[in-house]
Structure formats: structure tokens, C-alpha cells
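Engineer:
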Amino acid sequence: MGGTGGNRVQYDIDNVLFYNSGKLQPNLNFFVEKVGFANLTYRFEINNALDNENCRLRKRYNGYLRDRDLIEIENPCYTTGAEFILKVRSTF
Numbered sequence: 038m039g040g041t042g043g044n045r046v047q048y049d050i051d052n053v054l055f056y057n058s059g060k061l062q063p064n065l066n067f068f069v070e071k072v073g074f075a076n077l078t079y080r081f082e083i084n085n086a087l088d089n090e091n092c093r094l095r096k097r098y099n100g101y102l103r104d105r106d107l108i109e110i111e112n113p114c115y116t117t118g119a120e121f122i123l124k125v126r127s128t129f
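38 is the number that my numbering gives to position 1 of the sequence shown; each next residue is one higher, with no gaps.
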């Protein structure tokens, strides 16, 4: 019932939450930075470039967890998409 692959498991009296459902997923973040005109720093970043899906498995029990009377399994998944960021910085 524990987590595998470095994932977190949250136990409660009547349910158990498994974050990422036992899957390790790679994440790709990178940036390019350039100092340009008038000492402005331009930085372009991409976060979650692989557009990973995040899942959370929830098992609900009737009564206490120790009774093992499973009544519901919930497995919602979501993705936030890739994030593109342009930053312009300067020192005043």
C-alpha cells in the first residue's frame, strides 16, 4: 500500500491518496538568456515542455482503513500544458 518510485502516499482514517499513481514522469524545463540593448536581460523559458499528465489515485473505505472495506476508487488526471515565459529585466 505504500508509495513507489519516490511518490507520496497520504493516509487518513477512511481513505488513501496515491500521488502520480506510482509512475515517475520526466519533466523538461529549459531557458535561454541574453544580455542585450541598454543592459536589458532577456530570458525565454519553457516549463513542462513534455506536457506531462498528473494523476492522483484515491481509495475510499467504508469505515476504518484497517477494515479494508473498499467502496470507491477515484483516478482523476490533468495536464496544465507547456508554459512559455518571456522575462525582461534590468538594474536601475
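Heads up, the beta-carbon is just placed ideally off N, CA and C, and yes, glycines get one too.
Between which residues of its own chain and Val72 is the CB-CB distance below 7 Å, once the five residues before and five after are set aside?
Structural biologist: Translated into the one-based positions of the sequence shown, residue 72 becomes position 35. Once the five neighbours on either side are set aside, the close Cβ partners of Val72 are Thr78.
Engineer: Is Phe74 helix, strand or coil when you go by DSSP?
Structural biologist: Here the question's residue 74 lines up with position 37 in the sequence shown. If DSSP states are grouped into helix, strand and coil, Phe74 belongs with the helices.
Engineer: Assuming Cys92 contacts Asn64 (C-beta within less than 8 Å), just tell me the rounded distance between them.
Structural biologist: Against the sequence shown, residue 92 aligns to sequence position 55. Against the sequence shown, residue 64 aligns to sequence position 27. About 14 Å separates the two Cβ atoms, so there is no contact after all.
Engineer: Reducing DSSP to helix, strand and coil, say where Arg105 ends up.
Structural biologist: For the purposes of this step, residue 105 is taken as the residue at position 68 of the sequence shown. In this structure, Arg105 counts as coil in the three-state DSSP scheme.
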